[in-house]
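The structure appears below as structure tokens.
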Amino acid sequence: MTIWGEFCDRIRVLGEGLDDEGQRHLANQVACWLTYAIGHNDPRHPAFFRSSDPVYQWGGPNADQVARRTAIDGEGVYRISGHMGACEEFVLQIKLGATQSGGAGVGLEVTGSSLGIGPRDEIDILLGGEERSGGRGSWLPLDPEASFVHIRDYYFDWQPAEPATFVIERLDTVGEPKPDVDAAALLSTALGEIEHSFAFWNGYQERMLGDQPPNTFLPPAGMGRGVKTLIYSHAGVALDPDQALVVEVDHRGATMWDVQLYNRPWYEALDFTNRLTCLNHALIEPGPIVIAGTDPGGANWLDTEGRDSVLCTFRWWHPPDTPEVDAQVVPLSELDLPPVDRQAQIARRSSHIAWRYRT
């Protein structure tokens, strides 16, 4: 059997019995991880890959962020440079494995603000090699087992403005030609990521929610995966067409937070460019958050896209105390919310997303 023959046979097995959304998700995973394996999996010649955006959807992507990664070698020396633009914060992690394949140990996690970097600042970070002090930029150590660097850059106010630029260079292999293409290794890498990701995230929500009753939120808590400074609360939301879930939150002093809806079971973000499927501390207006499939009025509507079931996730950045979430199912007819210019709300979001993902 040819290399492509085995690849296609194993992808075909994954696609058996899937509905249209599952088939599309599988095609998305194939496109995502083939792109990564082809151009972003060589630690001697790194280049950032945008692994989560409106195109590549998997693993519960945050609508307020851009996620990018590239393979690195824990024995190498790298420079990350660029410009923050309108980015308000970023989280840089040195990972020791891939989340979906059972690794994802975090060797290092830092924020832009902890390095003294904020909006419109220049970025200059050295990774690995001998410790440096003084001079420009920051130095961060590399774990010998480091496998990739993962950066999430955040945009909370959703303004139409230039986003961040991140560039990575390896300093100890300058001028070294790329090796000849190894098609078998390339397809093996892509296939491993596709199969692990497909299996891991397909069952993730069920494992996470367990026997939690629908329309109720799990107690806020940290998670072993993802950003270590965040705590999360999740609910499986299942509503009739004439119902809404009214959510009241005591953020307990947290100044940065977000809430977002996802499909089930694939853990893809619902359409946050053309619909109102997420909110955060900068976008929220006074009043409760209302989750429904039909527009109930009010500024804080989260649109389920008319789905029978969605996942709702809250995230808080290092709150001083544990937030409290209260949710109640009510008839849509009982809501009395003020009118709002929905088109203007959506236009603001669409304009920002066009800028954030401009290339």
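Counting with numbering that gives the first Met the number 0, you get residues 0 to 358 for the letters of the sequence shown. Using N, Cα and C, we set each Cβ at its ideal position, and we do this for glycine too.
message = Using only the alpha-carbon positions, how far apart do Thr1 and Asp63 sit?
response = For the purposes of this step, residue 1 is identified with residue 2 of the sequence shown, where counting begins at 1. For the purposes of this step, residue 63 is identified with residue 64 of the sequence shown, where counting begins at 1. Between the alpha carbons of Thr1 and Asp63 lies a gap of roughly 42 Å.
request  = Identify which residue in Tyr231, Tyr77, Gly296, Cys86 has its Cα closest to the Cα of Asp120.
outcome  = Within the sequence shown, residue 120 is the residue found at index 121, counting from 1. Ranking Tyr231, Tyr77, Gly296, Cys86 by Cα distance to Asp120 puts Cys86 first.
task = Quick one: give me the first and last residue of the beta strand (DSSP E) that Arg67 is part of.
result = As a working mapping, residue 67 is identified with position 68 in the sequence shown. Segment 64 to 70, the beta strand (DSSP E) holding Arg67.
inquiry  = Three Cβ pairs or more, each shorter than 8 Å: is that satisfied between the region 180 to 198 and the region 29 to 42?
reply    = yes
query = Who are the near neighbours of Gly136 in its chain, counting only those whose CB is closer than 7 Å to its CB and skipping five residues on each side?
reply = Position 137 of the sequence shown, counted from the first residue, corresponds to residue 136. Excluding residues within five positions, the ones whose Cβ falls inside 7 Å are Asp123, Ile124, Leu125.
query = Between the Cα of Ala237 and the Cα atoms of Gln211, Glu129, Ile167, which residue gives the shortest distance?
reply = Sequence index remark: in the sequence shown, residue 237 carries index 238 (1-based). Closest in alpha carbon position to Ala237, among Gln211, Glu129, Ile167, is Gln211.
ask   = In whole angstroms, what separates the C-alpha of Ile230 from that of Gly297?
value = As a first step, residue 230 is located in the sequence shown; it is residue number 231 there, counting from the start. As a first step, residue 297 is located in the sequence shown; it is residue number 298 there, counting from the start. Ile230 and Gly297 have their C-alpha atoms spaced approximately 27 Å apart.
query = Around the C-beta of Thr358, are 16 or more other C-beta atoms found within 10 angstroms, so that it is buried, or is it exposed?
reply = Residue numbering aside, residue 358 sits at position 359 when the sequence shown is read from its first letter. So Thr358 counts as exposed.
ask   = Where do the N-terminal and C-terminal ends of the alpha helix (DSSP H) with Ala268 fall, by residue?
value = Position 269 of the sequence shown, counted from the first residue, corresponds to residue 268. Premise fails: Ala268 is in no alpha helix (DSSP H) and is neither H nor E.
ask   = By Cβ distance, which residues of its chain are closer than 7 Å to Met207, with the 5 residues on each side in sequence left out?
value = Counting from one through the sequence shown, the residue named residue 207 turns up at place 208. So the list reads His233, once near-sequence residues are dropped.
ask   = If Ala66 sits next to Ser51, beta carbons under 8 Å apart, how far is it from one beta carbon to the other, in whole angstroms?
value = For the purposes of this step, residue 66 is taken as the residue at position 67 of the sequence shown. For the purposes of this step, residue 51 is taken as the residue at position 52 of the sequence shown. 4 Å between Cβ atoms; contact.
task = For the alpha helix (DSSP H) holding Arg206, just list the boundary residues, first then last.
result = Stepping through the sequence shown from its first residue, residue 206 is reached at position 207. Segment 203 to 208, the alpha helix (DSSP H) holding Arg206.
message = With three or more beta-carbon pairs closer than 8 Å as the criterion, would you say the region 340 to 351 touches the region 243 to 259?
response = no
message = Can you find the residues in the same chain that come closer than 6 Å, C-beta to C-beta, to Asp156, ignoring five residues on each side of it along the sequence?
response = Here the question's residue 156 lines up with position 157 in the sequence shown. Only Ala281 meet the Cβ criterion.
Sufficient close CB pairs (3 or more, under 8 Å) joining the region 88 to 98 to the region 109 to 119 = yes
key: First through last residue of the beta strand (DSSP E) which encompasses Gly127   = As a position in the sequence shown, residue 127 is number 128, starting the count at 1. DSSP places Gly127 in no beta strand (DSSP E); its state is neither H nor E.
First and last residue of the uninterrupted beta strand (DSSP E) at Tyr153 = Reading the sequence shown from its first residue, position 154 is the one you call residue 153. Note, Tyr153: beta strand (DSSP E), 147 to 153.
key: Limits of the alpha helix (DSSP H) - the one that Leu25 falls within   = Along the sequence shown, one-based indexing puts residue 25 at 26. First-last of the alpha helix (DSSP H) with Leu25: 19 to 38.
query = Under 8 Å between the Cβ atoms of Arg169 and Pro53?
reply = In the sequence shown, the residue the question calls residue 169 occupies position 170. In the sequence shown, the residue the question calls residue 53 occupies position 54. No, the Cβ-Cβ distance between Arg169 and Pro53 is not below 8 Å.
Arg274 beta carbon less than 8 Å from that of Leu310 = Here the question's residue 310 lines up with position 311 in the sequence shown. Here the question's residue 274 lines up with position 275 in the sequence shown. No. Outside cutoff.
message = For a quick check, are the C-beta atoms of Ala163 and Met83 less than 8 Å apart?
response = In the sequence shown, residue 163 corresponds to position 164, counting from 1. In the sequence shown, residue 83 corresponds to position 84, counting from 1. Yes, the Cβ-Cβ distance between Ala163 and Met83 is below 8 Å.
task = Answer with buried or exposed for Ser146, where buried requires no fewer than 16 other C-beta atoms within 10 angstroms of its C-beta.
result = The residue you call residue 146 lines up with position 147 of the sequence shown. Buried: at least 16 other Cβ atoms inside 10 Å.
ask   = Is it the case that the CB of Ser349 approaches a heavy atom of the ligand SAH more closely than 7 Å?
value = Because no ligand of any kind appears in the structure shown, any question about the ligand SAH cannot be addressed here.
query = Is there at least one Cβ from chain D nearer than 8 Å to Cys277's Cβ?
reply = The chain inventory of the structure shown lacks chain D, comprising one protein chain alone.
inquiry  = Please return the same chain residues whose Cβ sits closer than 6 Å to the Cβ of Arg49, not counting the five positions on each side in sequence.
reply    = For the purposes of this step, residue 49 is taken as the residue at position 50 of the sequence shown. Only Arg67 meet the Cβ criterion.
key: Of the residues Pro178, Gly14, Leu301, the one placed nearest Leu244, counting alpha carbons only   = To locate residue 244, count along the sequence shown from 1; it is residue 245. Answer by Cα proximity: Leu301.
task = Could you spell out the range, first to last residue, of the alpha helix (DSSP H) harbouring Trp256?
result = Position 257 of the sequence shown holds residue 256. Judged by DSSP secondary structure, Trp256 falls outside any alpha helix (DSSP H) and instead within the beta strand (DSSP E) spanning 256 to 261.
request  = Report yes if the CB atom of Gln259 is closer than 8 Å to the CB atom of Asn27, and no otherwise.
outcome  = On the sequence shown, position 260 is the one that residue 259 refers to. On the sequence shown, position 28 is the one that residue 27 refers to. Cβ atoms of Gln259 and Asn27: not closer than 8 Å.
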